[in-house]
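Residue numbers (my numbering): 31 to 385. Note that CB positions come from ideal geometry on N, CA and C, so glycine has one too.
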Amino acid sequence: MRTVAVTKIGSLRDPDEDARGRIGVVDFPEQPLGPEDVRIRVAYAAICGSDPHLAEGFFGTDVPIGLGHEISGVIEALGDAADRNGLRIGDRVAGNFLRFCGTCRPCQEGKQQFCENIQEYNRPGMAETVTWHESQVYRLPDEVSLLKGCLLEPTSVAVRIADKTNLKVGDRVAVCGGGPIGQLALQVMRMHGATSLTMIEPIAERREMALRHGAEFAIDPVTEDQDARATEITGGRGYDVVIDASGSTRAVRGLLDLAAKGGTVVYGAMYPADFEMPLNLSDFLYLKELTLTGVFISPYAFPRALQILPHLDVDELTQSVFDLEDAAEAFAVHVSGRHPKVVIRCNDIDEERTS
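Put into structure tokens, the structure is as follows:
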């Protein structure tokens, strides 16, 4: 089974070609089909901003490391007992790359994100097929194409971010980072009734995209005085909710200054394992009573993400598509930042024949 994988550990951005990490297409054995499993012929797998971190060895260095968790496809086989959700062969589906066991203490306490058996079905989806437990698989609405459907997982992250904000209608909101998660979070915040909705992003095309999809304001943190603009936009009050979707160590510290007294700051990206951010407890937690929180994965979010996906405008996130054999080129385009999202076509599936 052809699978996109990290074949050499190293930064995909390293200017030294000998030290640079590598992405290739390798043959992995097909995963076994258990009685409650679903085998999916993968149509599309989107590259996530976390994928280059796997090339850097964030989760281990034994290569090849299979990639891909933002997928859509068509069911081609079902285990004998995979019938609880009414799934059928030929269904167009997407899903959660993680299976929550439901039996460990965190799962029983309503904290699925800390499931102690979370790696059991964490299988690479940037491949010809992937086999997941039926609890991970969701049938796509008729109005959602397979190409759009591969964004179900990042949409679930935006939903989870919204959960962590505890947003109230009318709250002032800023989003830092105009990549896919930032753009999706911005649209979700708009749905929630955010006001003074602001995108903070150094790339002009991404600021413009945000303005097309619900942002009222956009700030270029490189050429503008970020604090002064935030003060102007919020009438000096600051933002009730500040979301970081950039993962930038240069950006995250300054976001605390933008938050209103009693505000919430959500760090909704992946950060370098050795990065430590100075925090003045007196200023931000005592005097301003800020709530600081983060996002690891998306428990309890997928059913709601499926509900809102038809209402999101994601066409601009699905314009750059590469075939499976061109995965190395796709990752090079991804790290270049030329497109907000890059998608890999794992199989050429005729949607009309599967509908």
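Where the alpha helix (DSSP H) through residue i begins and ends
i           : result
residue 109 : No alpha helix (DSSP H) holds residue 109; DSSP gives it neither H nor E.
residue 193 : 182 to 195
residue 215 : 210 to 221
residue 344 : Taken as a continuous stretch (DSSP letters only), residue 344 belongs to no alpha helix (DSSP H), as it is neither H nor E.
residue 55  : No alpha helix (DSSP H) contains residue 55, which is instead part of the beta strand (DSSP E) from 52 to 57.
residue 334 : 332 to 338
residue 135 : 135 to 138
Within 8 Å, strictly: CB atoms of residue i and residue j
i           : j           : result
residue 153 : residue 161 : yes
residue 180 : residue 77  : no
residue 37  : residue 72  : no
residue 228 : residue 215 : no
residue 299 : residue 277 : yes
residue 246 : residue 237 : no
residue 114 : residue 163 : no
residue 357 : residue 55  : yes
residue 31  : residue 124 : no
residue 176 : residue 316 : no
residue 107 : residue 66  : no
residue 289 : residue 309 : no
residue 377 : residue 294 : no
residue 167 : residue 189 : no
Given residue i as reference, the closest of the options once Cα atoms are compared
i           : options            : result
residue 213 : 106, 60, 317, 345  : 345
residue 375 : 178, 121, 232      : 178
residue 332 : 39, 41, 165, 121   : 165
residue 302 : 280, 239, 220      : 280
residue 184 : 159, 79, 295       : 79
residue 370 : 172, 218, 211      : 211
residue 91  : 135, 66, 41        : 41
residue 64  : 110, 74, 246       : 110
residue 148 : 35, 167, 127       : 127
residue 8   : 218, 140, 151      : This structure cannot speak to residue 8, because the chain is shown only from 31 to 385.
residue 314 : 242, 283, 381, 273 : 283
residue 252 : 233, 188, 240      : 233
residue 43  : 380, 378, 373, 365 : 365
residue 312 : 336, 221, 286      : 286
Unbroken beta strand (DSSP E) run spanning residue i, endpoints
i           : result
residue 206 : 202 to 206
residue 32  : 32 to 38
residue 352 : 351 to 353
residue 163 : 159 to 163
residue 324 : 321 to 324
residue 373 : 373 to 375
residue 363 : No beta strand (DSSP E) holds residue 363; the alpha helix (DSSP H) holding it covers 357 to 366.
Exposure of residue i, with buried meaning 16 or more beta-carbon neighbours within 10 Å
i           : result
residue 98  : buried
residue 359 : exposed
residue 269 : buried
residue 226 : buried
residue 266 : exposed
residue 138 : exposed
residue 341 : exposed
residue 103 : buried
residue 349 : exposed
residue 45  : exposed
residue 82  : buried
heavy atom of the ligand ADP below 7 Å from residue i C-beta
i           : result
residue 294 : Absence of the ligand ADP from the depicted structure is noted, as is the absence of any ligand whatsoever, leaving it without description.
Starting from the N-terminal side, write out each stretch of the alpha helix (DSSP H) that is 4 residues or longer and does not extend beyond the stretch 64 to 128. 81 to 85
For the stretch 224 to 299, list the alpha helix (DSSP H) runs that are entirely contained and at least 4 residues long, ordered along the chain. 234 to 242, 256 to 264, 282 to 285
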